[in-house]
Structure formats: structure tokens, C-alpha cells
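These protein sequence lines are chains U and G, in that order. Under the working numbering, the first residue of the first sequence carries the number 32, and numbering increases by one thereafter. Under the working numbering, the first residue of the second sequence carries the number 34, and numbering increases by one thereafter.
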Amino acid sequence: MQPLGGALSGAATSGIIAKILKTSAVDGPGNRAVVFFQGCNFNCSYCHNPETINYCDHCGLCVPACQYGALGMDEGLVLWNPAHCADCGACLLACPKSSSPKSRRMSAEEILNELSPYKAFLSGLSISGGEACVQMGFLAELVKKAASHGLPCLVDSNGSADFSAYPELVAAADGFMLDIKAWNKAEHFALAEASNRVVIKNLHYLAAAGKLYEARTVISPGLFNIEETVTQSSRAILAGAKASGKMARYKLLRYRPNGVRPAFKNKLLLPDPELMERLAALARAEGLKEVIIT
Amino acid sequence: MHPALAVIKDGTQTYQQKVVSLAHIGEDSISPLKIVPDVQGLLDSGVICNLHEGNAPYRPRYVVPDYELFMEKGSEFLGLEAPKDIWEATNSLLILYRHVPSITTFPVYIGDLDKLLEPFVADGKASYQEALKAISLFLLQIDRTINDSFCHADLGPEATTAGRLILEASREQNNAVPNISLKYDPDLTPDDFAILAAATALDVAKPSFANDRIYRPEFKAMGFDDYAIASCYNGLPKGGGSCTLVRLNLAKAAELAKSRKDFLDRLVPEIVAAQLAYMDERVRFLVNESGFFESSFLVKEGLIKKERFSAMFGLVGLAEAVNAFSDGLRFGHDSGADAFGLAIIEKISELVAAHKCLWLKANHGRYLLHAQVGIDSDKGVSPGCRIPIGDEPELLDHIIRSAPFHKYFASGIGDVFAFEPTARNNPAHLLDVVKGAMKQGLRYMSAYSSDSDVVRITGYLVKRSEIERLRKGEASLQDTSLLGKNAVDGLGVLNRRVRS
Numbered sequence: 032m033q034p035l036g037g038a039l040s041g042a043a044t045s046g047i048i049a050k051i052l053k054t055s056a057v058d059g060p061g062n063r064a065v066v067f068f069q070g071c072n073f074n075c076s077y078c079h080n081p082e083t084i085n086y087c088d089h090c091g092l093c094v095p096a097c098q099y100g101a102l103g104m105d106e107g108l109v110l111w112n113p114a115h116c117a118d119c120g121a122c123l124l125a126c127p128k129s130s131s132p133k134s135r136r137m138s139a140e141e142i143l144n145e146l147s148p149y150k151a152f153l154s155g156l157s158i159s160g161g162e163a164c165v166q167m168g169f170l171a172e173l174v175k176k177a178a179s180h181g182l183p184c185l186v187d188s189n190g191s192a193d194f195s196a197y198p199e200l201v202a203a204a205d206g207f208m209l210d211i212k213a214w215n216k217a218e219h220f221a222l223a224e225a226s227n228r229v230v231i232k233n234l235h236y237l238a239a240a241g242k243l244y245e246a247r248t249v250i251s252p253g254l255f256n257i258e259e260t261v262t263q264s265s266r267a268i269l270a271g272a273k274a275s276g277k278m279a280r281y282k283l284l285r286y287r288p289n290g291v292r293p294a295f296k297n298k299l300l301l302p303d304p305e306l307m308e309r310l311a312a313l314a315r316a317e318g319l320k321e322v323i324i325t
Numbered sequence: 034m035h036p037a038l039a040v041i042k043d044g045t046q047t048y049q050q051k052v053v054s055l056a057h058i059g060e061d062s063i064s065p066l067k068i069v070p071d072v073q074g075l076l077d078s079g080v081i082c083n084l085h086e087g088n089a090p091y092r093p094r095y096v097v098p099d100y101e102l103f104m105e106k107g108s109e110f111l112g113l114e115a116p117k118d119i120w121e122a123t124n125s126l127l128i129l130y131r132h133v134p135s136i137t138t139f140p141v142y143i144g145d146l147d148k149l150l151e152p153f154v155a156d157g158k159a160s161y162q163e164a165l166k167a168i169s170l171f172l173l174q175i176d177r178t179i180n181d182s183f184c185h186a187d188l189g190p191e192a193t194t195a196g197r198l199i200l201e202a203s204r205e206q207n208n209a210v211p212n213i214s215l216k217y218d219p220d221l222t223p224d225d226f227a228i229l230a231a232a233t234a235l236d237v238a239k240p241s242f243a244n245d246r247i248y249r250p251e252f253k254a255m256g257f258d259d260y261a262i263a264s265c266y267n268g269l270p271k272g273g274g275s276c277t278l279v280r281l282n283l284a285k286a287a288e289l290a291k292s293r294k295d296f297l298d299r300l301v302p303e304i305v306a307a308q309l310a311y312m313d314e315r316v317r318f319l320v321n322e323s324g325f326f327e328s329s330f331l332v333k334e335g336l337i338k339k340e341r342f343s344a345m346f347g348l349v350g351l352a353e354a355v356n357a358f359s360d361g362l363r364f365g366h367d368s369g370a371d372a373f374g375l376a377i378i379e380k381i382s383e384l385v386a387a388h389k390c391l392w393l394k395a396n397h398g399r400y401l402l403h404a405q406v407g408i409d410s411d412k413g414v415s416p417g418c419r420i421p422i423g424d425e426p427e428l429l430d431h432i433i434r435s436a437p438f439h440k441y442f443a444s445g446i447g448d449v450f451a452f453e454p455t456a457r458n459n460p461a462h463l464l465d466v467v468k469g470a471m472k473q474g475l476r477y478m479s480a481y482s483s484d485s486d487v488v489r490i491t492g493y494l495v496k497r498s499e500i501e502r503l504r505k506g507e508a509s510l511q512d513t514s515l516l517g518k519n520a521v522d523g524l525g526v527l528n529r530r531v532r533s
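The structure is reproduced here in C-alpha cells:
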């Protein structure tokens with residue numbers, strides 16, 4: 032286990048990884064492994080894995096919360112021993128900084144070695160977060176190496192990095208899954224504490240390049256103008272499809288309180304099934320072929 | 034109360050179930066088999082078990098008719114000519130099913146249905162609507178009259194119109210019967226058909242996936258041109274079947290040994306020899322004394338042949354036997370424990386392969402190994418070589434650890450996985466898992482969604498709603514509902530780890 036630290040962007044031979052799933056049914060087509068990057072430049076109220084937002088600063092507050100002896104301090108650094116970890120989540124609850132003592136610095140080779148026994152089961156690798164683009168140099172390296180190992184990559188992103196500036200990454204990736212949190216700029220800023228200017232640009236760019244696999248919007252009533260967001264996103268997907276000949280899917284996700292920070296949990300509303308159906312109908316009426324409610 | 038009177042007064046059995054129960058009591062009122070005291074002792078203690086097969090074998094346990102021949106020639110005994118359209122085809126099959134013997138009275142194999150029906154629906158022989166109606170009524174009749182979910186239909190490996198219609202109708206009807214297997218070969222089964230199968234499995238817990246690349250060459254090498262999957266997941270020669278299935282309870286046997294070495298070197302050879310002797314005696318009576326093969330019209334018309342009958346050497350509770358001698362290390366998690374498990378199976382496989390039954394010609398008289406799924410009275414005994422429920426590793430690790438055991442069990446072994454309902458949005462996920470599993474050497478796997486009404490108990494299917502009916506003291510149409518209820522209570526089969 033290496034302690035964390037060091038460069039987070041630019042060319043990198045290792046990245047900070049929150050978690051690796053060997054199998055997932057919900058992160059792209061077929062069975063996919065998922066690598067979650069640590070660190071996010073948005074701070075969305077409905078984030079369901081807020082422990083991936085910030086980097087661990089080794090304050091050590093999580094150490095006494097662990098009942099299994101999986102956490103310790105060594106020369107000022109928090110150390111996590113996966114062999115003793117029961118995955119109970121107590122350390123994440125104890126962390127006041129939306130981080131996790133379980134993130135690891137790993138090279139692309141280490142990640143691919145960990146996944147190699149499972150390759151026969153996988154359609155590919157999805158890279159999620161946190162936000163994958165926060166570690167852009169490492170992201171590009173991992174996508175290229177994974178693809179050459181026979182694991183084509185989908186990148187799940189909040190769209191905050193301008194992908195048109197990273198043509199090698201776009202070429203190496205099979206596609207992107209892009210979050211459209213809100214169409215209206217002010218609403219987006221209120222929800223995610225960040226602008227959506229580049230997000231919208233990316234939606235148009237990736238769709239037109241035939242690299243948008245999926246756009247997705249989390250639905251929580253009252254948080255933003257949902258109808259506007261669904262309609263405008265659908266139109267952008269459709270316009271891109273006309274240019275590229277490939278139409279992305281649009282996934283409408285019900286807001287779910289699982290994992291959401293207590294400060295936000297009680298303020299957010301769950302959508303009723305009728306609203307979800309109405310929004311899907313709206314997207315289909317715009318001309319989208321594949322609209323998924325989940 | 035006399036057991037027969039208890040059956041007569043049982044309010045949770047249907048009339049048909051009572052008739053079968055009374056027949057079993059009648060059969061068990063005689064003891065024509067010659068059983069030596071040592072073997073009888075092991076039978077009495079449950080180390081060896083005949084799985085309710087009865088005292089006087091008067092029919093093979095698993096009959097796998099050559100339905101292709103029946104479709105080609107009809108049946109003189111039944112007064113049926115070869116069918117000419119989809120209505121005659123489905124009607125003829127339903128008639129024949131009534132006459133296929135088994136332990137339950139219900140057929141355990143009802144044919145490679147897609148292949149049997151395809152000539153009557155392909156190339157515009159029937160309209161889509163007519164074909165769907167005929168197949169839907171056919172499947173409905175099966176579920177409502179073959180009231181036992183050990184009834185098994187096979188599909189594949191090629192995609193067919195009939196196969197698609199069977200999957201569509203099964204999904205629509207949401208019934209427990211028949212059990213279905215898709216014989217899967219990635220080179221022969223197109224992805225769109227396999228994905229339809231996967232989607233159907235996530236809705237109604239069937240079909241399961243049988244590794245055609247393992248089964249087909251293996252049965253060819255034994256001298257059979259074709260095989261079928263019958264009952265739970267039993268691979269058997271087509272046009273024949275299995276005279277008997279007897280099982281060894283390794284969990285129980287472990288209690289009789291002092292150490293790993295004592296278990297493997299002394300006890301295993303002893304109990305394997307005892308089970309082989311008991312199986313020989315059952316086969317001898319069936320073949321030489323019962324007169325079955327001389328009197329059955331299925332034999333006379335060539336739908337089954339004596340020389341295509343083998344017998345199944347079953348076993349259960351490997352995990353518990355391994356764990357009993359592993360000092361806290363667990364089967365399915367620790368490589369040393371798994372290696373001991375493999376050593377046990379390797380030894381049993383060698384002992385069984387070295388034995389020749391004098392009365393059987395199939396596979397030169399050698400019995401086929403079968404990882405038995407348990408019976409409803411089992412408690413704390415895992416099916417076959419399965420990793421215990423409640424102690425299952427992550428999905429892919431589970432498959433990788435299970436796969437090495439599958440090659441030994443020509444007449445059946447399988448793993449069952451429960452998936453999160455969200456997997457329904459992505460049936461290609463399940464197909465990827467199946468593809469990977471088969472590359473690892475898995476012979477057979479089943480999947481269902483954790484919220485389905487139809488669920489796989491151990492190898493057979495039961496509706497949760499039917500189990501609830503029994504809990505209320507009411508009768509259930511399928512005799513397997515009771516077995517399912519007891520397995521839910523005794524083995525916790527609905528507590529399988531849910532895979533996301």
C-alpha cells in the first residue's frame with residue numbers, strides 16, 4: 032500500500048483510485064469492470080458516493096471508527112489494510128471531509144493486473160468517480176492501456192473538462208457517459224457548485240463525434256427545471272446523431288437517497304413514477320430512440 | 034396413524050398428489066432388493082440415500098425419449114401418425130408425455146422443443162400469431178397438467194423461430210413448469226437469441242445455460258450421438274436415460290472419519306463401494322426382474338433403448354465435508370480447502386470410473402457422476418459441490434472457484450446466481466457472465482432476479498406465491514411447491530447473495 036500524494040493531473044503513471052468493481056450490470060453495456068477515481072470538482076447535493084469527492088488529508092479521524100483493525104496511522108499517514116476490512120462503511124461516516132481512507136495510488140498496470148483474471152467475463156471497463164477527468168493524464172493513460180489489453184473503455188464524466196482538447200483520449204475511448212445535471216446555468220451552479228458551460232459544449236461535441244454512449248440526468252423534483260433539461264438534452268443528442276449517424280441513449284435516473292449526505296438527504300424529493308414516464312415520453316417525442324428509466 | 038391414512042387425510046395434497054403418495058407407500062410395502070447389512074446401515078444413517086426412489090424399481094428414474102423419432106414416425110401403440118402441422122405436433126407431444134414413466138409419474142424430459150416444433154412454424158408453415166397461440170397453449174397445458182417442475186425442456190444451441198416463440202411465451206406466462214435449458218455454444222448461438230434467453234431468465238428464472246461445448250463432445254466420446262438435459266440439470270443420453278440416482282452425503286460421512294487422511298483414504302473408498310453395490314442391485318432388479326424393458330411400448334417402438342441407459346452416482350455436501358477437516362479455512366474461499374475438495378472428487382471419480390455394472394452396456398457399464406442438489410429434508414448440507422449459501426464469494430470469484438469441479442460431472446452439476454432486479458435493464462450483462470463462465474469450464478449455470486415470483490430452489494423452479502399458498506394450509510398444483518417450501522425453510526435458498 033502506497034500512501035497518497037503527488038501530482039493529480041498532467042502526464043501521470045499512477046492515479047488515485049477510490050474503488051474497483053470487477054463486475055457491474057449498471058455501468059454501460061454488458062458486464063463491465065468499473066474503476067472509480069478519487070476526487071471530484073463538482074459538489075452535487077444528491078451525490079450518492081460523496082466519499083469520492085475529496086482527497087484524504089490523513090487527519091486520522093476515521094481510524095478510531097474502525098472496529099476491525101483495518102485502519103492505522105504510520106508516520107502521519109492513514110493506512111488501510113483491505114484484508115481486515117469488513118466494508119461496513121463506518122470510516123466513511125466518520126470522515127468530515129467527503130473522502131475515504133480506502134483510496135489507493137495505483138498504476139494502470141496494477142489496475143489491469145487486478146482485473147486480468149476476469150477478462151473473459153467482461154465487455155469492457157468503465158471509468159467513473161469521483162470525476163475521472165480530474166486526473167486527466169492518468170485517465171488517458173489507463174484508457175489507452177486498457178484498450179490495448181482488450182478492455183475497451185467507457186468514461187463516465189460530469190463533463191467539466193473540455194474533451195475537444197484531448198483528441199487522443201476521445202479516440203482511444205469507446206465512448207462517454209455524460210451527466211447533464213441541469214440545463215440552466217444558475218440552477219446547475221446551485222446544484223453542483225460549478226458551471227455547466229463546458230458540460231453543454233461536451234454534449235454537443237461528443238454526440239456529433241459519435242462518442243456519446245449515454246447522457247444521463249438525475250431527477251429530483253424542484254431542484255432544477257427538469258422539463259427544460261430533458262428537452263434540451265434530447266435535442267442536443269438528436270442534433271449530434273444527425274451529424275455522426277450514432278444516437279446516444281438517454282438515461283433518466285430517479286434520485287435515490289442511498290449514500291447521500293445527511294445535510295442534503297432530507298431536502299431532496301423523490302420523483303413519482305408518473306413524472307419519470309412523462310419525462311421519458313418527452314424525450315421520445317423529441318425523437319430519441321432509447322430512453323431508459325432507472 | 035398409518036402413513037396411507039395420513040396421506041388420505043392431508044388437506045395440502047391434491048387428489049393426484051395423493052395417488053402418487055399412495056403408490057409410493059404401496060411400492061415400499063415390499064422389499065425385493067438384496068441389500069447387505071453394511072449397505073443397509075449406510076442407507077439407514079443417511080450416508081447413502083435413494084432420494085425417494087422406492088423399494089422396488091419398476092421404471093427407470095430418468096427416461097429421455099427420442100422425441101425426434103416419435104415426430105418422424107408417430108406411435109403404433111398410441112395410434113398416432115406423424116404430425117403434419119403445429120397443432121398436431123403439440124397435441125402428439127402432449128399425448129406422449131402422459132406415457133413417459135418416472136419416479137413422480139411426470140416426464141423429466143419433454144424434448145428439444147425448438148427443434149421438434151421448428152419444422153411446423155418455420156418458412157411460413159404457420160403465421161406468427163398462429164404459432165404463438167399453439168405454443169402458448171402447449172406450454173400452458175404442460176404447466177397445468179405436468180404438476181412437477183423436474184419436467185425439463187431443452188433449446189438451442191442454434192436460434193430458431195420456435196425457440197424464440199417458446200422464450201416469449203414463457204416470459205409472458207411466468208410459470209414454473211417446464212424447467213428449460215439453453216444448450217449454449219458461442220459459435221452456434223447468436224447473441225441476440227442468447228440475450229433473449231438471458232432476459233427471459235431474469236424475468237422467469239429460466240432458461241438455464243448448458244455448456245454445449247462440454248456436453249456434446251463428452252457424450253459423443255461415450256458413444257451417444259446426442260444428449261439431453263433432464264430434471265434439474267441432468268445430462269443424459271437421448272433415447273435412453275438413467276436407471277437410478279443414488280447419492281452419497283459427504284457432509285454426513287465426514288462425521289464418521291477421524292482426519293482428512295482417514296476420510297480420503299479409508300472412508301471414501303468404503304462408502305463409494307457400498308453405494309456402487311447398492312446401485313448395481315437397483316439396476317439388476319430393474320433390468321433383469323421388473324420386466325420394464327420387455328414390456329414398455331417406448332422400448333418396442335425404439336423411443337428408448339436399453340443400451341442407452343446408464344445410472345447416476347450422486348453426491349452432496351462436499352463443502353461441509355471439506356470444512357469439517359479444514360481448521361476454519363473455508364471451501365470456496367481458501368485454495369487449500371478447495372484443493373482438498375478437488376482431491377475428494379478426483380478420488381470418487383476414479384473409483385466410480387473403475388467400476389463396471391454388469392447389467393448396463395451404456396458407457397461400458399460405467400456410471401455417470403452427478404452433483405445432486407439435495408432433498409427437502411436436508412439441513413446444513415450444500416448441494417453437490419456448491420459453495421454454501423450465506424458464504425458465497427463475489428460473483429466472478431465464485432464462478433472461477435466452482436468451475437474446476439464441473440468437468441467431473443457428466444450427468445450434471447450447476448451453480449445458481451441471484452441478480453439485482455436492475456440487471457433486467459442489461460441482459461447482456463448476464464450473457465457476458467455466462468460466456469466468461471463457460472470459458473472457465475463451467476458446465477451449467479442458472480440465474481434469476483431476486484424479486485421474481487418464479488425462483489430456482491436448488492435445480493427446480495417454484496413460484497413463491499405457491500409456497501405462500503402452502504403456508505396458509507392450502508394445496509398447491511405442483512408437487513414441487515412443497516419441496517421448495519421445505520428447502521426455503523431448511524436450506525435458506527432464498528437467502529442467496531444478490532449480485533449487482
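Cβ coordinates follow ideal geometry from the N, Cα and C atoms, glycine included. Quick caveat, the model's predicted, so the values are computed rather than measured.
According to DSSP, which residues form a beta bridge with residue i?
i         : result
U:Cys-184 : U:Leu-156
U:Ser-179 : Its beta-bridge partners do not exist; DSSP assigns none.
G:His-431 : Beta-bridge pairing links G:His-431 to no other residue.
G:His-57  : In the DSSP output, where bridge partners are listed per residue, G:His-57 has none listed.
G:Cys-82  : G:Arg-280
G:Arg-502 : Answer is none; G:Arg-502 lacks a bridge partner.
U:Ile-47  : U:Arg-136
U:Val-109 : U:Met-104
G:His-403 : G:Gly-347
How would you call residue i, buried or exposed, if buried means at least 16 neighbouring beta carbons within 10 angstroms?
i         : result
U:Ser-251 : buried
U:Thr-44  : exposed
U:Glu-327 : As shown, chain U starts at 32 and ends at 325. That puts residue 327 of chain U outside it, with no answer to give.
U:His-219 : buried
G:Val-11  : Residue numbering for chain G in the displayed model covers 34 to 533; residue 11 of chain G lies beyond these limits and cannot be assessed.
G:Tyr-578 : No information on residue 578 of chain G is available, as it lies outside the stretch 34 to 533 that chain G covers here.
G:Asn-244 : buried
U:Ala-38  : Legend: pLDDT at U:Ala-38 = 40, less than 50; position of this residue unreliable, no value from coordinates given.
U:Ile-211 : buried
Determine the chain U residues that contact residue i at a beta-carbon separation under 9 Å, and present them in chain order.
i         : result
G:His-462 : Thr-54, Ser-55, Ala-56, Val-57, Pro-60, Gly-61, Asn-62, Arg-63, Ser-154
G:Glu-453 : Ala-56, Val-57
G:Phe-473 : The residue asked about is misnamed: residue 473 of chain G is Gln in this sequence, not Phe. Chain U residues near G:Gln-473: Ala-151, Phe-152.
G:Gly-469 : Asn-62, Tyr-149, Lys-150, Ala-151, Phe-152, Leu-153
Would you mind telling me which residues of chain G sit closer than 8 Å to residue i, beta carbon to beta carbon, in chain order?
i         : result
U:Ile-323 : Asn-458
Starting from residue i, find everything on chain U with Cβ-Cβ shorter than 8 Å and list it in chain order.
i         : result
G:Val-466 : Thr-54, Asn-62, Phe-152
G:Ala-533 : One point to set straight first is that residue 533 of chain G is Ser, not Ala, in the sequence displayed. Going along chain U in sequence order, the residues near G:Ser-533 (Cβ under 8 Å) are Ser-55, Ala-56, Val-57.
Given that residue i touches chain G, what residues does it touch there, using C-beta distances under 9 Å?
i         : result
U:Tyr-99  : Residues of chain G passing the Cβ test: none, with the nearest at roughly 17 Å.
U:Pro-148 : Leu-429, Asp-430, Ile-433
*Just checking, does the stretch 490 to 507 of chain G make contact with the stretch 216 to 229 of chain G on the three C-beta pairs under 8 Å criterion?*
no
*Can you check the stretch 120 to 166 of chain G for any beta strand (DSSP E) of at least 3 residues that lies completely inside it and give the ranges in chain order?*
142 to 145
_I'd like to know if the stretch 91 to 107 of chain U and the stretch 117 to 128 of chain U are in contact, where contact means that at least 3 CB-CB pairs between them fall below 8 Å._
yes
*Please confirm if the stretch 273 to 281 of chain U is in contact with the stretch 291 to 302 of chain U, defined as three or more CB-CB distances below 8 Å between the two stretches.*
Flag = no, the stretch 273 to 281 of chain U and the stretch 291 to 302 of chain U do not touch.
*Along the chain, which unbroken stretches of the alpha helix (DSSP H) at least 4 residues long are found entirely within the stretch 242 to 281 of chain U?*
257 to 275
*Using 8 Å as the threshold, is the stretch 449 to 467 of chain G in touch with the stretch 271 to 280 of chain G, meaning 3 or more CB pairs across them?*
no
*Can you find at least 3 beta carbon pairs, one from the stretch 249 to 262 of chain G and one from the stretch 36 to 48 of chain G, that sit closer than 8 Å?*
The stretch 249 to 262 of chain G vs the stretch 36 to 48 of chain G: no contact.
*Segments assigned beta strand (DSSP E), at least 3 residues, entirely inside the stretch 258 to 341 of chain G*: 260 to 263, 267 to 270, 273 to 282
*asked:* Is it the case that the stretch 364 to 374 of chain G contacts the stretch 221 to 237 of chain G, given that we only count it when at least three CB pairs across the two stretches are under 8 Å?
replied: Touching, no.
*Specify whether the stretch 171 to 188 of chain G and the stretch 122 to 139 of chain G touch according to this definition: at least 3 beta carbon pairs, one from each stretch, less than 8 Å apart.*
yes
*Decide yes or no for the touch test of the stretch 402 to 417 of chain G against the stretch 508 to 519 of chain G: beta carbon pairs closer than 8 Å, at least 3 of them.*
yes
*Hey, is the stretch 461 to 469 of chain G in contact with the stretch 53 to 62 of chain U, meaning 3+ C-beta pairs nearer than 8 Å?*
yes
*Which residue spans inside the stretch 161 to 239 of chain G form an unbroken beta strand (DSSP E) run of at least 3?*
Counting only runs of 3 or more, we get 185 to 188, 212 to 217.
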